[in-house]
Amino acid sequence: MANAQKYLAFDLGAESGRAVVGLFDGNGLRLEDVHRFPTGGTLVLGTLYWDVLRLFEECKKGLALAVTQFGKDLAGIGFDTWGVDFGLLGRGDVLLGNPRHYRDHGNDGMLDIAFALVPPETIFERTGIQFMQINTLYQLLALKLRKSPWLEAAETLLMMPDLLAFWFTGEKSSEFTIASTSQMVDPRTRQWAYDLLIRLGLPTHLFTTISEPGTQKGVLTQEVAQACGCGAIAVYAPAEHDTGSAVVAVPASDTDFVYLSSGTWSLMGIELPQPLLTEQVRKANFTNEGGVFGTTRLLKNIMGLWLVQECRRAYARRGQDHNYAELTKMAEQAPPFGAFIDPDDPTFLAPTDMVEAIANFCRRTGQNPPEGIGATIRCCLESLALKYRRTLELLDGFRGHPHAIVHVVGGGTQNRLLCQLTADALQRPVIAGPVEATAIGNVLMQAMGRGEIGSLEEARAIVRNSFPLETYSPSAATKDRWEEAYIRFRKLCGIEDS
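Okay, so the sequence shown: first residue is 1 according to the UniProt record's numbering, each after it adds one.
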């Protein structure tokens, strides 16, 4: 691409991170990977942490490689990560220990404790966020109840992408989409819900100003620039929540669509011009997360391909190590419609052995556990497809009419079996792609920050022009069997409403 602007996107997920250069010429976008690295958690004496200083070093390595391959004239840099996790800074901006991983068991029981202090109806009305014990709100409450010296010494709280951006720029700020995942932000004002924090006895002095996605956060410090062989490159806040960036890259041509960001987590929802804070939404445990250009992402967090990732690890420990392509092929060959699980059952959040956790769930619900690797993986994938159907059913109800198209974006689009199962379970067309949606959205929001893109519609047109998509049509031949499967699934999940 001649005369293309070059943007560097750091996209950190729960399993891996990457540095990606986006080349944008005003009409089309092309991505080039420059560095990939594992993220993951580190378990130390029963506590699960993020090794955030290593992640910082990996990002610096990615910047240095980008400069070497594409030159010093990068137009911008942006960070996005998973939600809810954070670092605490003390006097002199010293990091007060490694941030805890959201799957750490230190958060167990915090929902009930919070609800004893503030009713769940009030928490939802003030934040619009789905109740999950991993949310920042309950992590902070856990630190308070443990009388954590970190919390007592803390002067600033920064969500993970804001922390990395601070170390690159020396400027502290909070971006809206990532802040919204904390369950501590008012979705109407798009600012911190200080009154809620006070009622829960949590400190209010920790929080920095919230800015909208597309805002420039600063420029590289001299220290980072010298280490990476470049100058004072601008650092922008894209949608710093990885799902927020992924939704930017949904290649929809209108606003009446459902998106499914598929990866370690599955995030399925719709885009709205304002939050939907009804009792129906609260009881269904949906979430109103921040979006770009003033939008709200009304969605459901679903356990996602974490199920398959953990099965793979469990089988590897048994001496049966297979890559994801091999696991998918085994699942294709396994008999359909065996056992099902509820992907969001709490026992699947952080089990010591996912395969055994699945077997135990099946026994507990009166089913025979899947036998063998292929049957277990197929159980995961079919159960996800059925969970997507339930979620779509609720989304249709919220909006008052069925959605004709489901767009699947992210790494999960590479699992063609899951895409087809999803189309079959939903009995709706599924448009899959792009794979690198999060990095694409990151780059496009940086370009918006520089004034090269003026609207969300323009950004999505660029995606359609730049990346291949694949459509999966539902199979009429299996429709009746999916209907029977959905009846079984609803029963084992305790779903009683129509």
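No residue lacks a Cβ here, since even glycine has one placed at the ideal position from N, Cα and C.
Query	Result
Status (buried if at least 16 other CB within 10 Å, exposed otherwise) for Asn368	exposed
With 16 other Cβ atoms within 10 Å as the buried cut-off, status of Glu57	exposed
Cβ-based neighbour list, Ile453, same chain, cut-off 7 Å, excluding 5 preceding and 5 following	Leu444, Ala447 and Ala459
Local conformation of Gly170 per DSSP, three classes	coil
Coarse secondary structure for Gly78, derived from DSSP in three states	strand
For Gln274, the three-state DSSP class (helix, strand or coil)	coil
Paired residues, beta bridge with Gln5 - DSSP	Phe24
Own chain residues within Cβ distance below 7 Å of Trp482, not counting five before or after	Asp424 and Ala425
For Ser261, three-class secondary structure by DSSP	strand
Residue interval of the beta strand (DSSP E) (run including Gln216)	Gln216 to Val219
Same chain, Cβ closer than 6 Å to Arg399, five either side skipped, listed in chain order	none
Test item: CB-CB of Leu29 and Phe293 under 7 Å	no
Alpha-carbon spacing of Ser182 relative to Gln139, whole angstroms	9 Å
Phe86 in three-state terms, based on DSSP	strand
Span of the alpha helix (DSSP H) around Gly441	Ala437 to Gly449
Residues sharing a beta bridge with Arg36, DSSP	Arg18
Exposed unless 16 or more other CB atoms sit within 10 angstroms - verdict on residue 499	Given that the chain is displayed from residue 1 to residue 498, the structure contains no residue 499 and the question cannot be resolved.
Beta-carbon proximity list for Tyr259, same chain, < 6 Å, skipping 5 on both sides	Val247, Val250 and His407
Sub-7 Å separation of Asn301 and Gln130 beta-carbons	yes
Counted within 10 angstroms of its Cβ, other Cβ atoms place Gly319 as buried (16 or more) or exposed	exposed
Nonlocal neighbours in the same chain, by C-beta distance under 6 Å from Ser245, ignoring five residues either side	Asp80, Pro238, Ala239, Thr438, Gly441 and Asn442
Cutoff 7 Å; reference Glu212; Cβ partners in own chain excluding five residues on either side	Phe176
Cβ neighbour criterion (16 or more within 10 Å) applied to Ile198	exposed
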